[in-house]
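Student:
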Amino acid sequence: MPHSLLKPTLLFLASLTVISGAAISPALPQMHDAFKDLPQADLLVRLVLTIPALFIAILAPLAGLMIDRFGRKPMLIISLTLYGIAGTSGLFLDSLTHLLIARAFHGVAIAGLMPAVTTLVADYFTGEERNRFMGQQSAFMALGGMVFIIVGGWLADFSWRGPFLVYATAFLLLPVSMWVLHEPDRAAYQGAENPVMDKPFRPAVILMIYTSAFLIMGLFYMIPVQLPFYLRQDPSVNNTMVGIAIASYTATAGMLSLA
Numbered sequence: 002m003p004h005s006l007l008k009p010t011l012l013f014l015a016s017l018t019v020i021s022g023a024a025i026s027p028a029l030p031q032m033h034d035a036f037k038d039l040p041q042a043d044l045l046v047r048l049v050l051t052i053p054a055l056f057i058a059i060l061a062p063l064a065g066l067m068i069d070r071f072g073r074k075p076m077l078i079i080s081l082t083l084y085g086i087a088g089t090s091g092l093f094l095d096s097l098t099h100l101l102i103a104r105a106f107h108g109v110a111i112a113g114l115m116p117a118v119t120t121l122v123a124d125y126f127t128g129e130e131r132n133r134f135m136g137q138q139s140a141f142m143a144l145g146g147m148v149f150i151i152v153g154g155w156l157a158d159f160s161w162r163g164p165f166l167v168y169a170t171a172f173l174l175l176p177v178s179m180w181v182l183h184e185p186d187r188a189a190y191q192g193a194e195n196p197v198m199d200k201p202f203r204p205a206v207i208l209m210i211y212t213s214a215f216l217i218m219g220l221f222y223m224i225p226v227q228l229p230f231y232l233r234q235d236p237s238v239n240n241t242m243v244g245i246a247i248a249s250y251t252a253t254a255g256m257l258s259l260a
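Its first residue numbered 2, the sequence shown is counted upward by one per residue in the numbering used here.
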């Protein structure tokens with residue numbers, strides 16, 4: 002019988018993937034002020050937000066293979082631990098170079114965490130229950146991301162390092178995940194039939210999907226990367242307001258997911 006905390010745990014784990022960049026977005030102008038004397042500071046500070054996505058794109062396919070080879074739960078626990086360590090490193094790192102390296106490792110962690118959570122959902126649930134949970138997960142990711150972004154904006158009012166504290170959520174979820182989640186029967190999922198493999202391969206469809214994803218992600222990062230600098234041109238706008246502005250579009254996504 003599934004643990005009563007199984008679904009909430011999976012929902013919170015999924016929400017961690019959303020806040021990989023946007024949570025620190027309100028602090029970007031302050032971070033730029035802290036490192037403005039460095040060459041290419043404009044570019045490098047923005048890379049602090051976007052560089053995890055690069056490593057997610059590169060390593061997620063490899064992570065999927067490792068999940069099948071070594072198991073879902075081990076991959077999730079390792080990724081969650083790295084997520085917390087790399088994510089909170091911004092609280093104490095003073096070098097922008099070191100911060101970028103830590104953010105790269107943060108992307109590595111998400112590349113393992115994201116497919117591990119999705120695969121566990123596919124293993125734990127079937128049929129209509131799975132479809133219903135995936136809809137709930139999409140809504141929770143959007144709405145949870147909204148809350149984390151607003152909290153990140155509030156923390157940025159104290160220091161540009163403040164928003165990195167939201168990544169400590171991983172350390173709270175770590176013992177819960179170890180206790181609640183169970184490794185699915187490996188023989189069952191390794192021997193399971195995959196009806197997708199029986200479908201004809203259509204390169205045009207695959208190209209359309211990748212192109213759409215590329216454009217969507219480009220638009221997705223445009224708002225958290227550029228909006229804080231634009232809004233902070235008004236002295237009356239604080240970081241909490243910036244966080245609310247950035248979070249508004251994730252709230253829209255959450256409401257559409259519920260529909």
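From the three backbone atoms N, C-alpha and C, an ideal C-beta is built for every residue, glycine too.
(1) Could you check where the alpha helix (DSSP H) with Lys8 kicks off and where it finishes?
(2) Apart from the five residues just before and just after Ala248, which ones in its own chain have a Cβ nearer than 7 Å to its Cβ?
(3) So the candidates are Arg73, Leu97 and Ala54; which of them puts its Cα closest to the Cα of Leu45?
(4) Just to confirm the assignment: which complete alpha helix (DSSP H) runs, minimum length 4, are found wholly within the stretch 127 to 176?
(5) For the alpha helix (DSSP H) that contains Gly91, what are its first and last residues?
(6) Pull up the distance between the alpha-carbon of Met2 and that of Phe215, whole angstroms please.
(7) Please state if the CB of Ala205 and the CB of Gly85 are separated by a distance shorter than 7 Å.
(8) Just to confirm my understanding: we take Lys238, look at its own chain, exclude 5 residues before and 5 after, and list those with CB closer than 6 Å. What are they?
(9) Alpha carbon to alpha carbon, what distance is there between Met142 and Leu17?
(10) May I ask which residues mark the beginning and end of the alpha helix (DSSP H) holding Ala61?
(11) Quick check: Glu184 and Lys74, are their CB atoms within less than 7 Å of each other?
(12) Give the secondary structure of Asn240 by DSSP, where H, G and I count as helix, E and B as strand, and everything else as coil.
(13) Expressed to the nearest angstrom, what Euclidean distance is found between the alpha-carbon atoms of Ile224 and Trp155?
Tutor: With the structure as the only source:
(1) The count along the sequence shown starts at 1 and reaches residue 8 at position 7. Start and end: Leu7 to Ala23.
(2) What you label residue 248 is simply residue 247 of the sequence shown in a count that begins at 1. A distance below 7 Å between beta-carbons, with the five flanking residues on each side excluded, links Ala248 to the following residues of its chain, in chain order: Met147, Ile150 and Ile151.
(3) Locating residue 45 in the sequence shown gives position 44, where the first residue counts as 1. The option with the nearest alpha carbon to Leu45 is Leu97.
(4) Whole alpha helix (DSSP H) segments, 4+ residues: 128 to 157.
(5) If you number the sequence shown from 1, residue 91 lands on position 90. Gly91 -> no alpha helix (DSSP H), and no H or E assigned at all.
(6) As a working note, residue 2 is residue 1 in the sequence shown. As a working note, residue 215 is residue 214 in the sequence shown. Here the model assigns Met2 a pLDDT of 48, short of 50, so the residue's position is not dependable, and the following value carries that caveat. Rounded to whole angstroms, Met2 to Phe215 spans 40 Å at the Cα level.
(7) Taking the sequence shown and counting its residues from 1, the one referred to as residue 85 is at position 84. Taking the sequence shown and counting its residues from 1, the one referred to as residue 205 is at position 204. Taking 7 Å as the Cβ cut-off, Gly85 and Ala205 do not qualify as a contacting pair.
(8) Locating residue 238 in the sequence shown gives position 237, counting from the first residue. Just to set this straight, residue 238 is Val in the shown sequence, not Lys. Close CB contacts of Val238 within its chain, under the 6 Å cut and outside five residues either way in sequence, are with Leu232 (chain order).
(9) Against the sequence shown, residue 17 aligns to sequence position 16. Against the sequence shown, residue 142 aligns to sequence position 141. Rounded to whole angstroms, Leu17 to Met142 spans 8 Å at the Cα level.
(10) The count along the sequence shown starts at 1 and reaches residue 61 at position 60. Looking at the DSSP string, the run of the alpha helix (DSSP H) that includes Ala61 is Ala42 to Phe71.
(11) One-based indexing of the sequence shown puts residue 184 at position 183. One-based indexing of the sequence shown puts residue 74 at position 73. Against a cut-off of 7 Å, the Cβ pair of Lys74 and Glu184 comes out as a contact.
(12) As a working note, residue 240 is residue 239 in the sequence shown. If DSSP states are grouped into helix, strand and coil, Asn240 belongs with the helices.
(13) For the purposes of this step, residue 224 is taken as the residue at position 223 of the sequence shown. For the purposes of this step, residue 155 is taken as the residue at position 154 of the sequence shown. The straight-line gap from Cα to Cα measures roughly 18 Å.
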